[in-house]
Every structure is written in C-alpha cells, then in structure tokens.
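For reference, the structure is listed below as structure tokens.
4 protein chains.
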Amino acid sequence: MTLEIGVLGYRFMGKAHANAMARLPMFFPDAPEIERIVLVGRDEEALSDAADRLGFSSVSTDWTEVVDEVDVFYNLGPNHVHREPSIAALEAGTPVFCEKPLAPTLEEADEMAETAREAGDDVPAGCAFNYRFVPAIQYAKRLLEAGELGEIQQVRGRYLQDWLVDPEAPWSWRNDEEMAGSGALGDLGSHTVDLLRFLVGSDDLAGEIERVSGHLQTFVDERPVEGGDETRSVTVDDAYTAQLEFENGAVGSLEGTRVAAGHKNDHTIEIHGSEGSLQFSLERLNELEVLRDGNRGYETILVTDEDDPYVDHWWPPGHVLGWEHTFIHENYEFLSAVANGDAFEPNFDDGLAAQQVLDAIERSDEQGEWVSLE
Amino acid sequence: MTLEIGVLGYRFMGKAHANAMARLPMFFPDAPEIERIVLVGRDEEALSDAADRLGFSSVSTDWTEVVDEVDVFYNLGPNHVHREPSIAALEAGTPVFCEKPLAPTLEEADEMAETAREAGDDVPAGCAFNYRFVPAIQYAKRLLEAGELGEIQQVRGRYLQDWLVDPEAPWSWRNDEEMAGSGALGDLGSHTVDLLRFLVGSDDLAGEIERVSGHLQTFVDERPVEGGDETRSVTVDDAYTAQLEFENGAVGSLEGTRVAAGHKNDHTIEIHGSEGSLQFSLERLNELEVLRDGNRGYETILVTDEDDPYVDHWWPPGHVLGWEHTFIHENYEFLSAVANGDAFEPNFDDGLAAQQVLDAIERSDEQGEWVSLE
Amino acid sequence: MTLEIGVLGYRFMGKAHANAMARLPMFFPDAPEIERIVLVGRDEEALSDAADRLGFSSVSTDWTEVVDEVDVFYNLGPNHVHREPSIAALEAGTPVFCEKPLAPTLEEADEMAETAREAGDDVPAGCAFNYRFVPAIQYAKRLLEAGELGEIQQVRGRYLQDWLVDPEAPWSWRNDEEMAGSGALGDLGSHTVDLLRFLVGSDDLAGEIERVSGHLQTFVDERPVEGGDETRSVTVDDAYTAQLEFENGAVGSLEGTRVAAGHKNDHTIEIHGSEGSLQFSLERLNELEVLRDGNRGYETILVTDEDDPYVDHWWPPGHVLGWEHTFIHENYEFLSAVANGDAFEPNFDDGLAAQQVLDAIERSDEQGEWVSLE
Amino acid sequence: MTLEIGVLGYRFMGKAHANAMARLPMFFPDAPEIERIVLVGRDEEALSDAADRLGFSSVSTDWTEVVDEVDVFYNLGPNHVHREPSIAALEAGTPVFCEKPLAPTLEEADEMAETAREAGDDVPAGCAFNYRFVPAIQYAKRLLEAGELGEIQQVRGRYLQDWLVDPEAPWSWRNDEEMAGSGALGDLGSHTVDLLRFLVGSDDLAGEIERVSGHLQTFVDERPVEGGDETRSVTVDDAYTAQLEFENGAVGSLEGTRVAAGHKNDHTIEIHGSEGSLQFSLERLNELEVLRDGNRGYETILVTDEDDPYVDHWWPPGHVLGWEHTFIHENYEFLSAVANGDAFEPNFDDGLAAQQVLDAIERSDEQGEWVSLE
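Chains as they are written, first to last, in full-length UniProt numbering: chain A, 1 to 374; chain B, 1 to 374; chain C, 1 to 374; chain D, 1 to 374.
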C-alpha cells in the first residue's frame, strides 16, 4: 500500500518535509511507501513551480477538497491556518501532521487536541516538534531515562536568533498577533518547552511544568513593509523570558529571542541532576556534553556512532548530520505510525501541553504574577 | 605615610586579601605603603598561626579595640558580622572595606550604607565586588561605555557551583539564614547583580534594575554536621532564578546555584545590544567573547595585551592571570582611594543596591509576583 | 537532454553519491537532468539490492560493457580498481568521476592523468576531493584569494581518526598495500594535500609544495580477519607525519592517523599569513575560525548565511548542513561541467598532484631525507 | 637556616622569580626561608630600581663576586650569559638555577651539564622548565604514569606566538644567533621538548626521542633597531617544524613560531595512546582534556580540586591560577631540594637533553635528512 500525501504549504517547512519524504526510501527502507500527491496553496503560479520542484504530482488551491481525499494531510501553513484544515482532516479520519506551535491561541489548540482525541489512536495527529529527533537529543533521553543524571533539579532552555536585531528588518506575518499568536514565545518557546517536556517531563524525572512566571518584551514597535514605504505595527514579542517550577520541585529558566546579535539558530538545553549534567546546542547538533559516571568534567560526545539513535541509517562515525535530518527521522516515525496504525508522539496533546505553558507565560506577563497550570 | 591595616577574618577571604596586599609593592609601585598591623579573630591559636603566615604583626580578639586604632579596617568575617564592626569603624572615621554581600538583611545593609554616607567621601567604604576588577570585565565596560553594543536589550547572568550537589556535603554557616541571610542568592547573586549594574547600569545604557521576579529553591533540607552524627537544617536556598526588567526596558535573567554538577566557579555574563553582544566566563577569566564592528561571529579576545586594563603591571601578552589578581587590582584601587582621599566604587551604596535587588527577589518569591524597586 | 549515469561501487561512496544525485532536482533546479541507469559490481545479489535502494534502473557485473554506453561513468571502487575502468571510459570519450586517492601508485595516477589530458577538456575527468565543496572551505578560499590573510607563511593539516586504535579491529583492503597503495597516508593524506593545494596553492599565495620530509608508522602489524581465526598482515601505515616547504617559502606540517583515540573524522586545516589566520575542522564543518581586519582574536563564523557559498540552495541562517552536503555540491558542479562541456576541478591532474606529494612523502620516509617535487 | 639568594637578571624572568620567592612563605609554609640578598646586572641605575621593587637588599655589577658568596645562584640572563656564571657558581659549590634554554649551543650546554654532574647531587643545578609545574601537566603525568593512556603512539607539541608577525616589530637579542643560539627553536622548542620528555620520556612510556627531522624558516630577514633608522639582520629562525621518532616507535610532530597571527602564548601538547588521549593548552592552563576509561569523548577537567597537584596551597575549586604560579611551584621544589640536599629535576642534564634534540633538529635542517640522537 502506498500512502498518498497532501501537503498545505510550500515554503520553508514545505521544502523541509518534501525533502524528508523524498529521502526515506534510500535511507529508511522499511518506511512505508508514499506518494506526494497534492500540494495545496493559494498562489497558483508559485504553487505549480513548487510542486514541480518538490515532487508533487498535482496542486490544489482548496484544502477542503484535499483533506478527505488523501491518506495523510500535512498542515505546514502559518499558525492561523492550523486549526480549520487540521480539524477537517481529522474529522474525515485523515491522519494529520501539523507544524508547531499547534495554534495561535490556547483555545484553538484545545479544540484541535480535542478533535484529535476523538479521532482516536489509529488516526495519528502529529505535532512537528522536530528537535525531538536529533540523535543527540534521543541519546540524552536514553541517559535521563536510565537515571544517569539522578534526580532532576535544574533545567535551562534558550533559543537565540538574531534576524530581527536590525530595526529595518521587514515586517512579516510572524510579527502579527492575529496570524502568529505570539512572537519569539510561540515560535521559539514552543520548541524549548517541548524539548524540556520530552527530556525531563516523565513522572520519575521532573514531571510536568507546574507553574510559571513570564515576561514578554518588544524592542522594535514597527517595521517596514517589504517593497514599500509603509511600516506596520509589531504586535508580538521580540523576546521572552520565563521561570519554571516542575512537579518534582525542579526549577527552570526559559528564554527566546529574535534579537540576540550573533546567534543564528542557537537552541540550547542544559539539565542538572543530583548525579550529573548535560548540555546541548542546536548549532552543534551532532554533539552532546555529558557529565556522569563520577567524571569530573563534561565529556564532549560526538553522537555519530553506529549504535547512536538513527545513525546506523546514515554514515560512518564522525560524518556529521545536519539540521534537515531531524525532519527525515520525524517523518519516518510519523509515517510508520500511520502505516502501522500506531500512536505517534509528539501528538496534538503534546502540542496543546506546550501551548498551555506558553499561554500561562503570557498570562503571567500580563498579570505580573506566577500562574499555575492545572 | 604608611597605612596601618586591621583585618577581621583570616580564612579564605583573609588569605586572598593578605596576598593582595603583600603583592602590591612589586607590581603596583605607586600604591600607598601599607602595614598589615593587626589580624582580628576569636580562636587565639588559629589566629596567631594565621597572623604569622599572612604577615600581620599583631593579633586581637576584640574588634572594638581595633576599628578606631587602624587607618583602614577590612571586615572579612561571615555576613552576620558585617554590620556592627563596619559601622563602628566608619563612625570612628576609619575607612572600611567589607566583604559581600554587604549584610544578611536589607535593613542592616541600609543602616551600613547610611552610616557610610554620613562618614563622607573621604572615609571610603568599599564593598568587595572583586569581579569588577577582572581585566576582561573592565575591557567589556570600555566597549559598553563607548556604545559599541548599541542599545542594551538583553542580559543574562548566572553563577554555577557544585559544592552542595552531594547531599552529604557538610552543613556550614553558609546554610543558615541567621548567619548568611540567604544561600546562593546572597552569596552568588550579589556578585552577579553587581556585575550587571557595573556593566550596563549607567543611565545611557540599561539603567538600574526596575522590577524583578524571583524564585528560590532548597533541594536538600538538612545536612550532616561535620565530625558528628547530627544533622542541621538548611534554612537558605540552594539555587535561585530571577527575571529582571531594567529602566530602559531591557530584559534579564539571573541564576545562581550550589548544586550544578560539573560547575566549580562558573560565573557567566552575557549581554546583547542592538549592535553587538558579549560573553564572559569566570573559569576562563582572561578571555572575552565579543561580537561587534559588523563582525559575523564572536571574537575570542585574550585580554592580556599591554594596553588592556591592569595588564601592563603584569606579564607579556598571553601570560594569563588568575582569580587572585582581581583582589590585587581591587586592593590597589581601594587603598589608593584611601591614601588620596578619593571616592571608591563599588562602595556601600553599591552593596546596598545589590542587596535591594536580592531582597526584591526574595520578596517576589514569597509573594509570587513581580516586585518593583523604588 | 538527460545524462545517463553508470556507477561502479555501491557501498559507502556509492550511497553518498547516489544520495547526492537524488537530491539535485529539489535543491539545484538548474542542475542537468540525470538518470541513474546502471550500477556496476561483482556480487549480483548485493548489487541488485543496492540498485533498488539507490535508485538505479539496471545492474551490470561487467564494467567493460558500461563505460562506453553511459554519458558519465563514476568509479567508486577500491583504489586498485581506479585505473583500468577510468582509462577505458575516457578512451571511449565518457566523462569520468573517480574517487580519491586517484590510484594506489604514482605510476597508475600518472597514466590516468595522461589519458584524461588526451581525452580533452570536453571529457571532464573529476577526482572526488569532496571537502573542497564545504561552504566554509569555499568561504575560506574567498578570503585567501582576496588577500585578507596577507602572505602565507605557515599551514597545518591533520586528519585524525580512531577506527584502528583497537588492535582487534578487523583487517580490510584498506590495510593492504596491493589494494590500497598506502594507509592513512593515501586515504587521509590525499584529502589534506588537496585541501591545502586548493586553499593556498595558487601562485600569488603559497604556490605548490616544493619539497617534503615524510614519516610513516605502523603500530599494529597484523589484524584478525573478520569471521575467522586467522590474522593478516598490515602492509600499510597506521599514521604518517610530514613537513612541507612551499614555493614561496611557507612551511607546513601534515599528519594523518587511524589510531587517534577520541577523534572520529577530525580533519583540520590551519593557515597563518602575515595579516591573519584561519582554522577549520570537519567535525564542526559549518564553522570557520577567522582572524583578520585588525581583530585581536579568532571570530567564529557560522557559514550558513544566504550569501555564503551554496547556502542559498538550502535553509535559513543557522540551520546547519551535514557531511553529505559536500557530495551534493560536488556532483552539482561536476555534472554541470559535463552538461555544459566545461572544465571541472579537482580533475585528474589534481589527483595526480596530490599523489606526487604522497609519493614524495613515502620516498622521503624510505630514504630518510627531504625529497623535492619536480 | 636562611638561604641567601643571588640573582643575575632583573627583567621579565627576574620579576617572575622574585615574585615567586616573595610568595612562598604565605602559601608554602614548609618552603625554606630565603633572603633575596643580591641582584646582579650591568646598568647600575636600572639595577638599583629593580632591586628596590623586587625586594633585594643589595646589588652588584660583577657576578664573579656573587657566585661564591651566596647560597643559591639564579642565572636569568640572556642565553649567551648562561654558561660562564653558572659554571663558576657550580665550581664554587653553589647550587644554580638557570633559565632555559640551557645555552645557545650544544657545546656550551654539554660543558655546563658536565660541570653540574661533577658538582654532585647535593649541589642542585636546575633548569627552568617551568611548565612542568602547571597543575594540569602534573595531573597529566599522573595519568600517564598510571598507564591510563596505554602504549604511547603519537604526540604533538606546538608553541605559537605572534609578536614578530609584524615585519616592523623591533630587533632584539632574541633575533641574533650569537646571543640567542636560535630563534623560535631554542626559545619555544626547548619548552616543548622538555614537556614531552617529562610526560612520555620514561622507559615504560615512549622513552627518549631517538631521531628527528627538522625545518627552520626565517620570514623577515631584517628588523628595525628600536629608536633609530637602522635595521639589523635576523640571524635566527622565526619558525621551526620537526618530526620525531621515540625509542618505542611513537611518532611526534613539533612546531614553534613567533609569527602565528592571533596566538599569544599558545603552547599545546597532545598525546594519543592505545587506550586514551589528552590535550593541554597553556592559554587555558587550568584545564586538561582527557579521554580515558572507556569514555567516548574528551572530558574537560578543571584541574583546581583540592587533591590536584599544588592546588591545596591555593584556593577552593574553580578559583583559577595564572601563568606565574608555575614559577612559585618551581621555586618551591628547587629551593626545597637545595635546603634538603635532594636532587632536583629538571636539572642541567634535562637542559642538555633538550638541547641535544634542538641541535639535532638544526643539523637535520642543514643536512636535509633525519638525524639520530646518540
């Protein structure tokens, strides 16, 4: 059986997922067979060009006609387009893979997760937290689950970018509250919250995030519209910080920013337990810094050995992987789940859980006080 | 004229300052002449040994007899012994140099700063924030004051140690609220707050810290008393985190901990401005990471060139300095100020300002909401 | 027109090139159209499996029937199989792309380069020095050619691996002089020599390598044959070192090893000129360390900006590439040259030039004295 | 008993050793008592100033009157002044501590070592290879001697400085063959050779260096004389490289340079054994990178724990030491040996052994072939 795939969105994320799908047969021979059957968008010409380049056999400008015709629906549009098509697909029994953050608002995310639960386990609804699929992150999870760091006491997550440090950088939908929900918080913070939940969120580690204090800040209030003389208002945050307390009492710090000069895509996670520590940075994603086993300092592990997660599919030790490989691993897991009727994680509940934390951060910022999650 | 110095305290800090004083003549020939005339403590035998080793010509077990007899009084005792002798000295017109944090409580710090102001500018009252005197930090300040980082938008300060990560690490006065005031917050946080104030606190940079959200946590509730079977309660924090907002709207994050496995004395400061960034780490204190001048990445500057701050007193480029050199620079500046009747910074007002921030963090933690500083 | 490609070899290098070819249409839309038409090998079953997985439409166990039937012939077999099929293809007017080192011996390399020259410029004969196609390396070349490092005075190249550090690691053709020519020297040294030639070999930089001193060493004399009780002799070097002198008087050091515990694929290049320095390491291939423009320290440049070499074909800044991307860039350039009838570099003359240096290193080792290259 | 010390030389090295002596009582209470009794030089005024600053009670412009009057004689003059006063002192039965390299030529070094052997073990003759006394280096030696790296197979030593990269940097005695013997080779190479001998030179590790191939190069042929219009010829090397073979078959690479832009005092040692590896860099002298115990990557060890070599004399963990501390440890060991009548290493035989290697490198460079050491 070949899974027929429909994809909404053909820019950055469209390209990343199309590439991932195209590479599965050569490197993951046990992945299900798929066909990129329809690419969905609004601008017919751009759409048609993209379909050619990304290997789709047809195009459509109407997602309503697609969601119940395909075997799997990928929703890779901007945040404000996540809800409606995803729900329609799930209601039609079509497995959905939706980009993160799950939705611009908690309400929408809630509705989407509810729909996914109703659709049932054999209609997987995945949320695209691709950084779970970095080999070094999966390796870190192995260490954590084996208890090698002891009791988790402190975590730190930050995601630093600099593409808005120039006040003349142009306005985009990502600067608009209506379309994006929030700024650095939703775009970057959702990744960080999910990674922390993935790594330390289980009951025998730190558990869920229990309460938060948040702070959002916008440094540049309006930005020029590309190709014109106008400016438009920035209605989202350029940067956020947060403090966390986990169920087990562990403390955490979060930060995300689009104005950190010199940091392009610097997503770092640091975890301290009673028996060890670890550090990860996305710009050096093949490496993991680990302190354990009575060692005195961090050991720099190049996570490219044959028995490291996913690595046996690729190249010999030391032949490093790139950012895009996270999408290939993610698509492999998601499409395998669809084909096998298995559950997939991260799912819409994970997307919702991240959203709840982000929403609590935003409310905390407005109220000037800690906010507890239910 | 030779300044006669009396010093209360002969352990870690006593040794660090005695060493600093002893080295001034060879490396800072224009420093005032001094004599280490009396060392103050309680345990006569230990005191006498220490005086021999640290080069003091006499000892005393009664600070009240010392503070008005010497030209300068160093108060290097535990936090709860800061207030009384410092005030007595200042009231006697004796310049005082007091270890940090200025006091266990804001009230005491307030009283000390008030007394120092009354004593007047020609009776310097210094607070021992020695990290201001790292050459790389002074170099960073030069860059910041020259506007090379543009408008300050984000700062991060964290101070990670691991000496309490072992639950069996013994109890000490540093674990006791009465004697220490707080734990990681006061001990480590006071350094971090002061460094941030020093670097970005001026009006044309970020200005003062305006409001804070704080979080304190104790992971190990009681600890064994050394040399016995008993345990005693830990009544201070093992770790704290905080969020900051500065006068100019810049956002900040703070963290201090004594339970970060693998970090011995890891004090890092990171600053992002609209035109550049910088990073400093105490464990590599000869280095500064700087992004500026349209560069694309951080430049690793070894701050050991002849025209770098203080370096002409020492060795040729690349011959690195150590932690103790911060004390020599600090003592040079303080004793020169005393000899010349000049003002000295960081002074008790700086000590108080740091204390106000720490106090606000503590109150925020108790109240679960942001606290504004007046 | 579609180029029909025949490939000899279906293991590590076969997979790397098949992947590269498969990805061209999506990321390099102006690359020529190609068809992976025939895969050549000896073991029919393995071959057939590989052809399926790697996307070839047919297989052959006889390269003689292939080399004149295809539009392009890739020779990815072991070193001792490079000469005969490559020459046959070139004599048939078929462009050839051959893995490195060009041949086990200088004589064979010479004959191959001679044949390539006779075939003429419109029959490109490429030699697979893929590390020329790392964006950071191309960026370094831009800097060097713009004269930003001044007069080149010192270079250092080393390639450290550890897969033979265990004396029980099994014997393979790479340990055999007949089949491989040499050990670390040919396998690793050919890459290093080519990168140095590429970066500083032009006349206005350091020029060609003029004389060398070499040293080869074998630490483990025999190794177990996999799946049996026998051992076989290791007849090649485990490690080599060399000193170089370039035409302009610059000095150089080379080293390659398969027994450097802790180094998986650590290929580093360091260059010092009269006005700057640079450093590159393959395990962090997205980064380049550069000292220039009157800076005081190395600047860590993440070579992932839109106007960095090849990067506009991929992802936004900070989304790092992997090892395999070097093959995609290399195939893009080679196949474009074939389609357009352009010359391609690195070609067989470059392969020969590297071989001449390696041969001189080997002779120097035997003779115990410096050896000049003609 | 108080040892009366006479010191020839009051510039860089004079200051470094005077500082070391001055600090012993506070930090090494069991060090012998000493008195800096006479400082020897030629320029009376400068000498007198220096004596004041460095704590000497008298001065002399005639070393012949000093060497037999003091209990210990430090020879810290330029290389060409090492031989005569050192020999005179030893012949008078006065222990000598001489700066490195031991002499400008092998012949002089030989004569000095011969004299030292004749003077006997109770007249210690130390050679100032201070980098043996870095705690991280001593820690490395512990690991090596415990066999933790297995059989030593490869070593690398390089010492990079940049103070002559500017062709206008002024001429000094260090550029003159008569006075200095050689350039980077003697000045930097002597340190590197000694560290390698110290770390791996014992019989059960790599043993002595058995043969070498050397290469010396001068990039700037003449330099301006400070304060005038003249230039003088540079008659020594700006940079050298060498290949080594040790008794046990281990291979090595050496390099030293004064023209490596961006490197101030970058002395690195790297060692690979059959069971592990280690790396050290002088610019981060508190750290050691170690791979062992079945770890996968290098562990960054901050060698500042209480039971690390010499550290218990200083500060708590993480409070880093500087370059000058190596002199304090060195003086402590040497003066203790003098006081106790013990042998001291590194001694003149070690100085000679380093010189033999450097001489062999120089002869190899002249002859264009490997040179064996007897």
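We treat Cβ as the ideally placed atom computed from N, Cα and C, and that holds for glycine. Since this is a predicted model, take the numbers as computed values, not measurements.
Look at D:E247: its C-beta is not under 7 Å from any C-beta on chain A. Residue state for A:P135 is assigned as helix, using DSSP reduced to three classes.
Restricted to the stretch 231-275 of chain A, not a single alpha helix (DSSP H) segment is unbroken, complete and at least 4 residues in length. For C:Y74, the uninterrupted beta strand (DSSP E) segment begins and ends at V72 to N75.
Nearest to C:P124 by alpha-carbon distance, out of C:Y74, C:Y131 and C:H329, is C:Y74.
Fewer than three pairs of CB atoms, one per stretch, sit closer than 8 Å, so the stretch 311-331 of chain C makes no contact with the stretch 273-280 of chain A. Counting only residues of its own chain and dropping the five nearest sequence neighbours on each side, A:C127 has a CB closer than 7 Å to the CB of C98, K100, L102, P346, N347, F348, D350 and G351. For A:T115, the enclosing alpha helix (DSSP H) has its first and last residue at L106 to A119. Taken through DSSP and simplified to helix, strand or coil, A:A146 comes out as coil. In terms of Cα proximity to A:I37, the closest of A:D43, A:P316, A:Y298 and A:L8 is A:L8.
Judged by DSSP secondary structure, B:L373 falls outside any beta strand (DSSP E); it is assigned neither H nor E. Among the residues of the stretch 113-135 of chain D, none has a Cβ less than 8 Å away from any Cβ of chain A.
As DSSP reads the structure, C:G157 sits in a beta bridge with C:L254 and C:I269. Check the Cα spacing between C:S182 and each of C:W370, C:E374, C:D162 and C:R363: the tightest is with C:R363. The shortest CA-to-CA distance from D:V220 to any of D:G318, D:S253, D:L196 and D:N175 is the one to D:N175. Assignment of D:S202 by DSSP, reduced to helix, strand and coil, places it in the coil class.
Taking 8 Å as the upper bound for CB-CB distance, C:T300 and B:Y298 are in contact here, some 6 Å apart. With fewer than 16 other Cβ atoms from the protein chains shown falling within 10 Å of its own Cβ, C:P29 counts as exposed. DSSP, read as helix, strand or coil, puts D:A125 in strand.
In the DSSP assignment, A:T94 is bridged to no other residue. Looking at the DSSP output, B:G214 bridges to B:A242. Taking all protein chains in view, the Cβ of C:Q356 is crowded by 16 or more other Cβ atoms within 10 Å, so the residue is classified as buried. Closest in alpha carbon position to B:G249, among B:R258, B:W315 and B:A206, is B:A206.
Per DSSP, reduced to three states, the secondary structure at A:N295 is coil, with no helix or strand assignment. Put simply, the backbone Cα of C:T61 is about 5 Å away from that of C:R42. The beta carbon of D:S213 is closer than 6 Å to those of Q243, S364 and W370 in its chain, skipping five residues each way along the sequence. Residues of the stretch 277-293 of chain C with a C-beta atom less than 7 Å from some C-beta of chain D are S277 and L291, listed in chain order. Using a Cβ-Cβ cut-off of 7 Å, D:Y298 counts as an interface residue toward chain A, since at least one Cβ of chain A sits closer than that to its own.
Where B:R53 is concerned, the enclosing alpha helix (DSSP H) starts and stops at E44 to L54.
Taking C-beta atoms as the reference points, D:F334 and D:N130 fail to come closer than 7 Å. Close to A:I269, with beta-carbon spacing below 9 Å, lies no residue of chain D; the smallest spacing is near 18 Å. Scanning C:V193, C:A22 and C:L106 for the CA closest to the CA of A:M26 turns up C:A22.
Beta-carbon to beta-carbon, B:G55 and B:A18 are separated by about 6 Å, close enough to satisfy the 8 Å threshold.
Neighbourhood of C:N19 in chain B, by CB distance below 8 Å: empty, with the nearest CB roughly 30 Å away. With its beta carbon less than 7 Å from one in chain D, A:I301 belongs to the interface. Interface annotation, C:L244: not in contact with chain A, CB-CB separation never under 7 Å.
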